[in-house]
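Participant: Sequence positions in the sequence shown follow UniProt numbering and run 1 to 108.
Glycine residues also receive a C-beta, built at the ideal position from the N, C-alpha and C atoms.
Could you have a look at this structure, given as structure tokens, before my questions?
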Amino acid sequence: MSAVTAHTVRVQRLYRQSLKCLLNWCVHRDLFIVESLKLRADFEANRTKNDARVIEKLVSGGEAKLQEFAHPDAYTHPTDYGGTKYMRYVNNSAGYKESVTAIPPYFT
1 MSAVTAHTVR VQRLYRQSLK CLLNWCVHRD LFIVESLKLR ADFEANRTKN DARVIEKLVS
61 GGEAKLQEFA HPDAYTHPTD YGGTKYMRYV NNSAGYKESV TAIPPYFT
């Protein structure tokens, strides 16, 4: 994996984790959208940086800031690991169509 690709993947993961962390703090969708646009603007402001040392410093600072703002009681989907319905059988006897109760392929 080249350095550019590794850097790109690292920034993408940081952005995605930052959005998930932000969603834990901003419960209302309208507030989340406003704050996510500010977050995106922060990432876009540093998009044109080319110096590897500056990039490493920015990404490391972003990861540290993410750890600092981690929510103590983060939201967990019920069907995800740690959720209340993790590894439980989805009962289809309620009369719902199979397409409604089917587990999405990205969870399998």
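Hey, how far is the Cα of residue 63 from the Cα of residue 98?
Facilitator: About 41 Å.
Participant: In the DSSP assignment, find the unbroken alpha helix (DSSP H) run with residue 82 in it and report its ends.
Facilitator: Premise fails: residue 82 is in no alpha helix (DSSP H) and is neither H nor E.
Participant: Going by beta-carbon coordinates alone, are residue 22 and residue 37 separated by less than 8 Å?
Facilitator: No, the Cβ-Cβ distance between residue 22 and residue 37 is not below 8 Å.
Participant: How would you call residue 60, buried or exposed, if buried means at least 16 neighbouring beta carbons within 10 angstroms?
Facilitator: Burial call: exposed.
Participant: Could you check which residue in 85, 96, 79 has the C-alpha nearest to that of residue 106?
Facilitator: Considering only alpha carbons, the answer is 79.
Participant: What does the alpha-carbon distance come out to for the pair residue 83 and residue 75?
Facilitator: Each residue's alpha carbon lies about 9 Å from the other.
Participant: Skipping 5 residues on each side, what residues in its chain have a beta carbon closer than 8 Å to that of residue 14?
Facilitator: Answer for residue 14: 59, 62, 63, 66, listed in chain order.
Participant: Would you tell me roughly how many angstroms separate the C-alpha atoms of residue 17 and residue 104, rounded to the nearest one?
Facilitator: So the two alpha carbons sit approximately 21 Å from each other.
Participant: Relative to the C-alpha of residue 32, which residue among 47, 20, 43 is closest?
Facilitator: Selected option, being the one with the closest Cα: 20.
Participant: DSSP three-state call for residue 101: helix, strand or coil?
Facilitator: Residue 101: helix per DSSP, three-state reduction.
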